[in-house]
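To keep things clear, I will list the structure first and then write my remarks on it.
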Amino acid sequence: MRKRMCKGVKMSAHHEPTQTVDHGSISMEARRKLASRLVTAVDRADYGQLLDATGQALAWGEKDGGVPRLEALVEALRHERVLLPVNLGSASSHDVETADESASCEDVDFIRTATDTGEALVVYSSMSAMAAHMPGARPMPFDFRKVALTALVETQGRVVLDPGTLSIPIPRPATAALAQGDTWLPAWRDAELLAELREALGFTHGTHHRALIDVHLSPQALGTSIRIRLDLDPTCLGANPRSVIQPMISAIQSAQRLVTSADRIEICPVSVGSPSHFA
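Given below as structure tokens:
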């Protein structure tokens with residue numbers, strides 16, 4: 252029999268709740284300078300179509316909780332462009348290369364959408380995805396690495412792909428990795444993170460509480476958060492299980508690698524084997 256008590260935790264670099272960045276947090280001049288660095292050269296073969304690797308990633312759908320889709324998508328975005336919606340007033344053409352050539356850097360504005368954790372930068376995989384959500388906007392192709400740099404400055408790394416249709420959030424750790432030109436290592440595949448958690452909990456030196464059987468990592472919420480499951484023997488928890496569990500939670504929160512590996516975590520003590528002494 253298993254029962255669990257999940258405690259949701261949102262992590263930041265200082266173990267504090269993530270704060271929403273105000274739209275006016277950087278000056279207009281700074282925004283223009285940033286935009287001037289981001290404009291992508293015209294690709295004459297790009298008509299706003301869904302690119303190959305991105306399309307293959309999206310084809311996974313929400314199978315297995317959407318995790319394979321997210322992993323494949325982040326890998327695709329290392330090499331393939333996305334489209335940003337650009338409002339250019341009275342211009343009527345929707346051709347990708349025309350938008351790129353005619354838009355000055357000062358015209359670029361980064362559209363946002365609200366999420367549970369704050370505002371996120373909006374990007375699209377194709378013209379059709381953009382037209383379904385923002386029919387009045389014109390597409391501008393951007394390398395995702397440059398989008399990621401912008402997101403880290405303006406929305407604490409939050410990006411959403413294809414809002415209005417698929418609405419796939421890109422986790423901050425993935426955005427940060429792509430901004431640096433690195434490969435994203437998801438927390439649930441990070442052997443070093445698991446080793447650090449096991450050490451923090453006392454497994455490495457055999458000092459862990461006798462009620463603690465094992466610790467596991469798994470993705471949640473389409474891969475945007477992780478669950479840390481603590482397998483516990485309820486017969487070893489005593490009369491006050493919370494007094495045993497709370498130090499374990501504190502030990503997990505002290506793991507430095509966790510800060511950069513996950514935006515949000517759930518810590519779930521799970522009673523294994525016997526009836527639970529906690530709810």
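Residues in the sequence shown are numbered from 252 upward in steps of one, following my numbering. Just so you know, even glycine gets a beta-carbon here, dropped at the ideal spot from N, CA and C. As the structure is a prediction and not an experimental result, all values here were calculated from the model.
I need the DSSP call for residue 392, collapsed to helix, strand or coil. Residue numbering aside, residue 392 sits at position 141 when the sequence shown is read from its first letter. Note: residue 392 maps to strand in three-state DSSP.
Buried or exposed: which applies to residue 397, given that a residue is buried once 16 or more other Cβ atoms fall within 10 Å of its Cβ? Taking the first residue of the sequence shown as position 1, residue 397 is located at position 146. By the 10 Å Cβ count, residue 397 comes out buried.
Between the beta-carbon of residue 463 and the beta-carbon of residue 445, is there less than 8 Å? Position 212 of the sequence shown holds residue 463. Position 194 of the sequence shown holds residue 445. It is not a contact, given that the beta carbons lie outside the stated cut-off.
If you drop the 5 nearest sequence neighbours on each side, which residues of the same chain put their C-beta closer than 6 Å to that of residue 433? As a working mapping, residue 433 is identified with position 182 in the sequence shown. None.
Could you please give me the residues that DSSP links to residue 371 through a beta bridge? In the sequence shown, residue 371 corresponds to position 120, counting from 1. Answer by DSSP bridge pairing, in chain order: 364.
7 Å Cβ shell around residue 216 - same chain, five flanking residues per side excluded: Any answer about residue 216 is impossible in this case: the structure gives the chain only from 252 up to 530.
So if DSSP puts residue 467 in a beta bridge, which residue, or which two residues, is it bridged to? Counting from 1 along the sequence shown, the entry for residue 467 is found at position 216. Per DSSP, 480.
Should residue 376 go down as buried or exposed, given a rule of 16 or more other Cβ atoms within 10 Å for buried? In the sequence shown, the residue the question calls residue 376 occupies position 125. That one is buried.
With a threshold of 7 Å on Cβ separation, who are the neighbours of residue 451 within its own chain once the five nearest residues in sequence on each side are excluded? Residue mapping note: residue 451 aligns to position 200 of the sequence shown, counting from 1. Closer than 7 Å at the Cβ level, and outside the excluded window around residue 451, lie 502, 503, 505 and 506.
Cut-off 8 Å between Cβ atoms - residues of its own chain near residue 275, not counting five sequence neighbours on either side: Counting from 1 along the sequence shown, the entry for residue 275 is found at position 24. Since pLDDT at residue 275 reaches only 40, below the 50 mark, its modelled position is unreliable, and no value is offered.
Which stretch, first to last residue, makes up the beta strand (DSSP E) that contains residue 488? Position 237 of the sequence shown, counted from the first residue, corresponds to residue 488. Premise fails: residue 488 is in no beta strand (DSSP E) and is neither H nor E.
7 Å Cβ shell around residue 373 - same chain, five flanking residues per side excluded: Position 122 of the sequence shown holds residue 373. Result list for residue 373: 336, 362, 363, 364, 411 and 414, in chain order.
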